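Peer 1:
Take a look at the structure:
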C-alpha cells in the first residue's frame, strides 16, 4: 500500500507517493494558483496526484490515504483550515472537499508539524520520539513531538517558538506582539538589522550590495565581516537561549534545526550552539543532540504521507 | 480503600490519609530529622503513618498504597531519590526501603509534581487536565501536567521554569546558570533587590526594617512604597513573560500559581497578569485561566496520595 503526501505551500504545491517504509516512488511540484481560488487549488492537487500515480505506476486503489501540510492553522479534528493567509483561506473545509476529489481518506496538519514528522520518520530525528524542531526562514516555525505524536496543546496551534518573547521591549511583530524571537532571529530580522547597521555608515563587505538577503549577511559573516558577524551572532544568541529555555520546559530528546538560515552552516550554528550549551549549563545531564534537518523541502510531503500512514498504523490496518 | 500521602520536606514531613474521593481522614506533620540520617527519616515516616491510621481509625490492610513527594530529583521508574540536597540524599533507593517498612506499594515523585497533581485533583485545577503550575517561594518550582499526567520530559526532571533564562547576562544562580527566573523573581530575589535599592540610600518604608523578608517588600508595595513597588513590578514582569512564553510552548488549559509569594495577592498578581496578557497578545484565543493554588501546604500530601491512587486507577483496581 502507498501513501500520498502533499505539502501545500503559498508558492508551490509539492507532492510525493511514499510506501510504508518511506521509499519515495514519485515526487513533483507545481506553482500554487492561490489567486485563482480554492477550487483551482483543489484541481491542482488532483492533477498532481494523477501525475504522481502515473510516474509511480500505481492505481488509485493502491493508495491507502493522503496527508496534506497546510501553511496556517488547522483544526485537525474537523479537517478545517482555520486560517492560511498565503492561500487566502479562512475556515475552509479542505478535508471534506479533497476527500471527494481524491476518493481517499485525507489527514491535515500544519506544515511545520508535518515537516517535523517527516524528519522523525526519515530524516534527522529517526532515533527520537520526543523532538523540538525549529525552522528558521523568512519567519520562524516550530513543532514539538512528544512520544511520536505532534503536541498541539490546548489552543490547538502547537508550539509557537517564533512568538516567544525574547526582548519584552523589542521590535513589533506582525502578530501584534513585541520582541518575538521571529523579529530578532529570522532571515527577515537578519536583513533588517544588517540594513540598520549599514545605514549608520559602518564599513562592511555588504556596503554596496543591492537587494540584501540573509544569505549575503551569513556569507559576509563567514568571511569575517565585523558588521555581519555582529548581526549573525546576535541572532544566534537569541536562538540558542530560546531553544535552551524550550528544552527546560519540554524536555525533548533532540532538537532539529531546519530552514534556509540553518543551511548557512557553522557561521550561525557555532554561536547558537555555544549559547544553547551555556544556557542549559549544568542541567544538561548529557549533551542534547542539536541536529540539522536532513530532508530539505521534501520533509513536508514525506511527513504528510506519514501523517496518513500513522493513522492506519494506529488503527492496525498496516 | 484509603491512600497514604507523604510530603517529605527538608524542614517537615507532612502526611495524610485520603480516600478515593479526596476526603482527608487524618493529617499531621513532624519536623524532619534529616541530620540524623536516612534510617531516622524512614522511622519518622513509619511513626507518622501509624499515628495517622490511629487518628483515621483504620488498619494497615485498609491502605491500598502510598505516595511520597520528594524535594529533589527522582527516578520514578527505579524508585530512586537521585539527589535531595535538603535531606542529604544521593541515589537513595527510597521505594525499596520504605515499602519494607510500610508493607505497601509506594510511588515517588518530585514535590512540585505531586503538589500540581494535588491541585488538579482537589484544588484550583479540578476542571483541567493540562496544567502549568508555578510555585513562587524561596525558589521557583514548576510542574507541567499533560492529559492528566506529569510531563517529565526526556531528562526526567520535568519542567524547570525556575531556570529558564530571562536575562542572559543576569545574576548568577545557584544552579550555575545566569539570569534564571529564580534569581530575578523568587522571594529571595525580591529581598535581594530591595536590599540593593535600600543600600543606595533611597527613601522607603523598608528603610529601618531588620531581617527583611519578601512579605515585608510585598506589604510595603501594597502601601504604595515606590521602592517596593518597583521591585515587585519588576519580578512580576519577569514572571508574566516567562509564563506566557511557557504557554506558547506547552499550550496548557490553565496556569496555577502557588507558593508564599503568590499569597501576597493582587500587589504581585495584577502586574504579573498584565504582562502575561500582553505577551500572549492576539495568540490568546480566549483568556487563559490564571488561577491561585487553593490547597496551600496540603497540596503535597494530597497529590502524593493521588499519585498512588492514580496507579491503581490505571490498573483498574479502584
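Residue numbers (this note's numbering), protein chains in the order written: chain A, 9 to 326; chain B, 9 to 326. For every residue, glycine included, the Cβ atom is placed at its ideal position computed from N, Cα and C. The structure presented is a predicted model; accordingly, all values stated were derived computationally and were not measured.
#1: Is residue 318 of chain B helix, strand or coil by DSSP?
#2: Within 10 angstroms of the Cβ of residue 75 of chain B, are there 16 or more other Cβ atoms? Answer buried if so, exposed if not.
#3: Residues in its own chain within less than 6 angstroms of residue 107 of chain B by CB, not counting five upstream and five downstream?
#4: Does the contact criterion of 3 or more C-beta pairs under 8 angstroms hold for the stretch 52-64 of chain B versus the stretch 298-308 of chain A?
#5: From the DSSP output, read off the bridge partner residues of residue 81 of chain B.
#6: In the DSSP assignment, find the alpha helix (DSSP H) that holds residue 196 of chain B and state where it starts and stops.
#7: When the Cα atoms are used, what is the spatial distance from residue 86 of chain B to residue 172 of chain B?
#8: Out of A:79, A:285, A:226, point me to the one whose CA is closest to residue 273 of chain A's CA.
#9: So is residue 292 of chain A in contact with chain B if we call contact Cβ pairs under 9 angstroms?
#10: Can you give me the C-alpha to C-alpha distance between residue 188 of chain B and residue 255 of chain A, rounded to a whole angstrom?
#11: Below 8 angstroms between beta carbons is the criterion; list the residues of the stretch 160-174 of chain A that meet it against any residue of chain B, in chain order.
#12: Look at residue 126 of chain A and residue 311 of chain A and say whether their C-beta atoms are less than 9 angstroms apart.
#13: Compare the C-alpha of residue 123 of chain B against each of B:193, B:320, B:315, B:321 and name the closest.
#14: May I ask which residues mark the beginning and end of the alpha helix (DSSP H) holding residue 63 of chain B?
#15: Against chain B, with Cβ distances strictly below 9 angstroms, would residue 98 of chain A count as a contact?
#16: Nearest-angstrom Cα distance between residue 199 of chain A and residue 216 of chain B?
#17: Does the contact criterion of 3 or more C-beta pairs under 8 angstroms hold for the stretch 250-266 of chain A versus the stretch 128-143 of chain A?
#18: How many Å lie between residue 288 of chain B and residue 252 of chain B at the Cα?
#19: Report the neighbours of residue 256 of chain A on chain B: residues whose CB is nearer than 8 angstroms to its CB, in chain order.
#20: For residue 243 of chain B versus residue 192 of chain B, is the C-beta spacing smaller than 9 angstroms?
#21: Could you work out which residue in B:230, B:149, B:282 is closest to residue 249 of chain B when comparing CA atoms only?
#22: With a cut-off of 9 angstroms, does the C-beta of residue 252 of chain B fall near any C-beta of chain A?
#23: Quick check: the Cα distance between residue 33 of chain B and residue 11 of chain B, rounded to an integer number of angstroms?
#24: Mind reading off the beta-carbon distance from residue 71 of chain A to residue 16 of chain A? Whole number of angstroms is fine, and I expect it under 8 angstroms.
#25: Cβ of residue 91 of chain B less than 9 angstroms from any chain A Cβ?
#26: With 9 angstroms set as the bound, which would you pick, yes or no: does the beta-carbon of residue 65 of chain B sit closer than that to a beta-carbon of chain A?
#27: Quick one: is residue 231 of chain B buried, meaning 16 or more other Cβ sit within 10 Å of its Cβ, or exposed?
#28: Run through DSSP, which three-state label would residue 36 of chain B get?
#29: Using a C-beta cutoff of 9 angstroms, does residue 289 of chain B count as contacting chain A?
#30: Identify the residues that DSSP records as bridge partners of residue 167 of chain A: which are they?
#31: Within this structure, are the beta carbons of residue 102 of chain A and residue 66 of chain A separated by less than 9 angstroms?
#32: State yes or no: is the beta carbon of residue 123 of chain A nearer than 9 angstroms to at least one beta carbon in chain B?
#33: Let me know the secondary structure DSSP gives residue 269 of chain B once reduced to three states.
#34: Return the residues of the stretch 257-279 of chain B that lie within a Cβ-Cβ distance of less than 7 angstroms from chain A, sorted by chain order.
#35: Can you tell me the Cα-Cα spacing of residue 319 of chain B and residue 214 of chain B, whole angstroms?
#36: Is DSSP giving residue 150 of chain A helix, strand or coil here?
Peer 2: According to the structure data:
#1: Indexing the second chain from 1 puts residue 318 of chain B at position 310. Looking at residue 318 of chain B - three-state DSSP - the assignment turns out to be helix.
#2: To locate residue 75 of chain B, count along the second chain from 1; it is residue 67. Counting Cβ neighbours within 10 Å, residue 75 of chain B comes out buried, since at least 16 surround it.
#3: On the second chain, position 99 is the one that residue 107 of chain B refers to. Closer than 6 angstroms at Cβ, skipping near neighbours: 114.
#4: no
#5: The residue you call residue 81 of chain B lines up with position 73 of the second chain. BP columns for residue 81 of chain B point to B:91.
#6: The residue labelled residue 196 of chain B in the question sits at position 188 within the second chain. Residue 196 of chain B -> alpha helix (DSSP H) spans 195-207.
#7: Here residue 86 of chain B is taken as the residue at index 78 of the second chain, counted from 1. Here residue 172 of chain B is taken as the residue at index 164 of the second chain, counted from 1. Distance between the alpha carbons of residue 86 of chain B and residue 172 of chain B: 28 angstroms.
#8: The residue you call residue 273 of chain A lines up with position 265 of the first chain. The candidate whose alpha carbon is nearest that of residue 273 of chain A is A:226.
#9: Position 284 of the first chain, counted from the start, is the residue given in the question as residue 292 of chain A. Yes, residue 292 of chain A counts as interfacial toward chain B.
#10: Mapped onto the second chain, residue 188 of chain B falls at position 180. Mapped onto the first chain, residue 255 of chain A falls at position 247. Their Cα atoms are separated by approximately 14 angstroms.
#11: 160, 161, 162, 163, 164, 165, 166, 167, 168, 169, 171, 172, 173
#12: By one-based count along the first chain, residue 126 of chain A stands at place 118. By one-based count along the first chain, residue 311 of chain A stands at place 303. Going by C-beta atoms, residue 126 of chain A is nearer than 9 angstroms to residue 311 of chain A.
#13: Translated into positions along the second chain, residue 123 of chain B becomes position 115. Of B:193, B:320, B:315, B:321, the residue nearest in Cα terms is B:315.
#14: Indexing the second chain from 1 puts residue 63 of chain B at position 55. Taken as a continuous stretch (DSSP letters only), the alpha helix (DSSP H) holding residue 63 of chain B covers 46-64.
#15: Your numbering for residue 98 of chain A matches position 90 in the first chain. Taking Cβ atoms only, chain B never reaches closer than 9 angstroms to residue 98 of chain A, which makes this a no.
#16: Numbered from its first residue, the first chain carries residue 199 of chain A at position 191. Numbered from its first residue, the second chain carries residue 216 of chain B at position 208. One C-alpha to the other measures close to 53 angstroms.
#17: yes
#18: Working through the second chain from its first residue, we reach residue 288 of chain B at position 280. Working through the second chain from its first residue, we reach residue 252 of chain B at position 244. Taking the straight line joining both Cα atoms gives about 6 angstroms.
#19: One-based indexing of the first chain puts residue 256 of chain A at position 248. Within chain B, the residues near residue 256 of chain A are 167, 168, 169, 171, 172.
#20: Along the second chain, read from residue 1 onward, the residue named residue 243 of chain B stands at position 235. Along the second chain, read from residue 1 onward, the residue named residue 192 of chain B stands at position 184. Taking 9 angstroms as the Cβ cut-off, residue 243 of chain B and residue 192 of chain B qualify as a contacting pair.
#21: Locating residue 249 of chain B in the second chain gives position 241, counting from the first residue. For the residues B:230, B:149, B:282, the minimum Cα distance to residue 249 of chain B belongs to B:282.
#22: Your numbering for residue 252 of chain B matches position 244 in the second chain. With 9 angstroms as the cut-off, residue 252 of chain B counts as an interface residue toward chain A.
#23: Start at 1 with the first residue of the second chain, and residue 33 of chain B comes out as number 25. Start at 1 with the first residue of the second chain, and residue 11 of chain B comes out as number 3. Those two C-alpha atoms are separated by around 10 angstroms.
#24: Translated into the one-based positions of the first chain, residue 71 of chain A becomes position 63. Translated into the one-based positions of the first chain, residue 16 of chain A becomes position 8. Rounded, the Cβ-Cβ distance is 17 angstroms, inconsistent with contact.
#25: Locating residue 91 of chain B in the second chain gives position 83, counting from the first residue. So, not an interface residue.
#26: In the second chain, counting from the first residue as 1, residue 65 of chain B sits at position 57. No, no contact with chain A.
#27: Here residue 231 of chain B corresponds to residue number 223 of the second chain, with the count starting at 1. With fewer than 16 other Cβ atoms within 10 Å, it is exposed.
#28: The sequence position of residue 36 of chain B within the second chain is 28, counting from 1. Residue 36 of chain B: strand per DSSP, three-state reduction.
#29: On the second chain, position 281 is the one that residue 289 of chain B refers to. So, interface residue.
#30: What you label residue 167 of chain A is simply residue 159 of the first chain in a count that begins at 1. According to DSSP, residue 167 of chain A bridges with nothing at all.
#31: By 1-based counting over the first chain, the position of residue 102 of chain A is 94. By 1-based counting over the first chain, the position of residue 66 of chain A is 58. No. Outside cutoff.
#32: As a working mapping, residue 123 of chain A is identified with position 115 in the first chain. So, not an interface residue.
#33: Within the second chain, residue 269 of chain B is the residue found at index 261, counting from 1. Note: residue 269 of chain B maps to coil in three-state DSSP.
#34: 257, 258, 259, 260, 261
#35: Taking the second chain and counting its residues from 1, the one referred to as residue 319 of chain B is at position 311. Taking the second chain and counting its residues from 1, the one referred to as residue 214 of chain B is at position 206. Using only the alpha carbons, I get a separation of about 50 angstroms.
#36: Position 142 of the first chain, counted from the first residue, corresponds to residue 150 of chain A. It is a strand residue.
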